[in-house]
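Asker: Chains as they are written, first to last, in this note's numbering: chain V, 17 to 238; chain D, 20 to 133.
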Amino acid sequence: MIILRLYPRAWRKRYEAEMRAVLAEHRGGFRTKVSLLVGALDAQLHRSGFGHPDSNGPNHAHALSLSVIPSVFLMVQFLLGLDLGSSPDLVNSMGTCAIIAVVVICVWSGYTAHHPGGTSRSSVIAGGITGVLSFGVAWLVGIGLQLLVVSGFAGWVMSLQGGSGYFGLTLASVMQHIFNFYNFALGVGLAFGALICGGLLGALGMSLRSVRLAMRGLPVSR
Amino acid sequence: MTIHEGTELEKLGRLSRPAVLVLVSLAAGPKHGYGIMQDVRSLDGTQLEPGTLYAVLARLESRGWIEALPVDGRRRPYALTVLGNAVLRRYLTGLKHVADTGLRRLQPLQRALR
Chain V
17 MIILRLYPRA WRKRYEAEMR AVLAEHRGGF RTKVSLLVGA LDAQLHRSGF GHPDSNGPNH
77 AHALSLSVIP SVFLMVQFLL GLDLGSSPDL VNSMGTCAII AVVVICVWSG YTAHHPGGTS
137 RSSVIAGGIT GVLSFGVAWL VGIGLQLLVV SGFAGWVMSL QGGSGYFGLT LASVMQHIFN
197 FYNFALGVGL AFGALICGGL LGALGMSLRS VRLAMRGLPV SR
Chain D
20 MTIHEGTELE KLGRLSRPAV LVLVSLAAGP KHGYGIMQDV RSLDGTQLEP GTLYAVLARL
80 ESRGWIEALP VDGRRRPYAL TVLGNAVLRR YLTGLKHVAD TGLRRLQPLQ RALR
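1) Who are the Cβ neighbours of Arg36 (chain D) in its own chain at under 7 Å, not counting the five residues just before and after it?
2) What are the boundary residues of the beta strand (DSSP E) that includes Glu86 (chain D)?
3) Quick check: is the beta carbon of Ala98 (chain D) nearer than 8 Å to any beta carbon in chain V?
4) For Arg25 (chain V), return the contacting residues in chain D, with the cut-off set at a CB-CB distance below 9 Å.
5) Which residue marks the beginning of the beta strand (DSSP E) containing Ala98 (chain D), and which one marks its end?
6) Look at the alpha carbon of Gly70 (chain D) and the alpha carbon of Leu216 (chain V), and state the distance between them as a whole number of angstroms.
7) Spell out whether any CB of chain D is found under 8 Å from the CB atom of Ser107 (chain V).
8) Step through the CB atoms of chain D and report whether any lies within less than 8 Å of the CB of Arg47 (chain V).
9) Which whole-angstrom value describes the C-beta separation of Val117 (chain V) and Pro86 (chain V), a residue pair presumed to lie in contact below a C-beta threshold of 8 Å?
10) Helix, strand or coil: which one does DSSP assign to His51 (chain D)?
11) For Thr34 (chain D), which option in V:Ala37, V:Tyr127, V:Ala59 and V:Leu90 has the closest C-alpha, if you only look at C-alpha atoms?
12) Using the C-alpha atoms, what's the distance from Phe151 (chain V) back to Met222 (chain V)?
13) Return the chain-ordered list of same chain residues with a C-beta closer than 6 Å to the C-beta of Gly214 (chain V), the five sequence neighbours on each side being excluded.
14) Should Met17 (chain V) go down as buried or exposed, given a rule of 16 or more other Cβ atoms within 10 Å for buried?
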């Protein structure tokens, strides 16, 4: 069954043969296919520990939850921007904090993915995936904030504060901006860049972990 | 014994209920994947799908609550470990305490409704 190929290699090595035996006996329909798809996604997200010594890998579910953190700073930046009394320095500092948060969580992902006797690959993948996820979530949050501006939310808040009640861009112009081919290509390019930068930061995390393990006299890598 | 002592299983989130059913099934003795699916179905009518079953088995095995036995043909049987036995016992005892208390508290209400 082709869906089984969506499971991680380590998972397939451990469970595929017996699962095929179960599928041979179980008359599965649409529900079975859906459960296998969800199971494959689950196995991809929770790679660590399939009861196999070679399967220790990055925990992508953890990376996914951490990747939300930089977007929180963008949200705060947006909300601070609505308050006309906020210091511009404070508003701008939130963008810097978002970038710092991305760097820190990529390094941390690489650090936690590395384990005694493990390979550098898991750290690089963990950092790269965290970088791309952070970028993706921030991009989605950015679109959401633009739509909030279009919907008049920002203008409504400012008019409550006695401001001019600026209602921002039109919906059509935002849609044009989002679906513009140039922006799409730019997004793909930035995602690719995030993958590479995240991977490098993951490798940095692995190096930090290696130094710490070496100081404690534990095996560093194979 | 408090209900909080049996919450290890609840940390499995959406898979905690299937995990309890799998552990209860294995409490009767070692079984392979399809055997567990059949036993769970006869237990409470739940049809465990293979994707869910193996997500549960992987988690239970990684926590040391079940162990894989040598392969029997293409099938691999699983057995409850001593740790798994203790976790399941704690969880069911906590659940029994809540169920007993709830049923006892419902009795006066039931009499009043008659």
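Every residue, glycine too, gets a C-beta built ideally from N, C-alpha and C.
Answerer: By the coordinates alone:
1) Taken in chain order, the list of residues that qualify is empty.
2) Residue range Ile85 to Ala87 is occupied by the beta strand (DSSP E) that includes Glu86 (chain D).
3) Interface annotation, Ala98 (chain D): not in contact with chain V, CB-CB separation never under 8 Å.
4) In chain order: nothing, as chain D lies at least about 14 Å away.
5) Boundaries of the beta strand (DSSP E) around Ala98 (chain D): Pro96 to Leu99.
6) Rounded to the nearest angstrom, the two C-alpha atoms are 34 Å apart.
7) First, the residue type needs correcting, since residue 107 (chain V) is Val and not Ser in the sequence shown. Not an interface residue.
8) Yes, because at least one Cβ of chain D sits closer than 8 Å to the Cβ of Arg47 (chain V).
9) For the record, residue 117 (chain V) in the displayed sequence is Ala; it is not Val. A Cβ-Cβ distance of about 4 Å is found for the pair Ala117 (chain V) and Pro86 (chain V), placing them in contact under the 8 Å criterion.
10) Here DSSP, grouped into helix, strand and coil, assigns His51 (chain D) to strand.
11) The sequence given here has Leu at residue 34 (chain D), not Thr. Answer by Cα proximity: V:Ala59.
12) Their backbone Cα atoms lie some 21 Å apart in a straight line.
13) The residues are Cys122, Gly143, Gly144, Thr146 and Gly147.
14) Counting every other CB atom within 10 Å of its CB across the protein chains shown gives Met17 (chain V) a total below 16, marking it as exposed.
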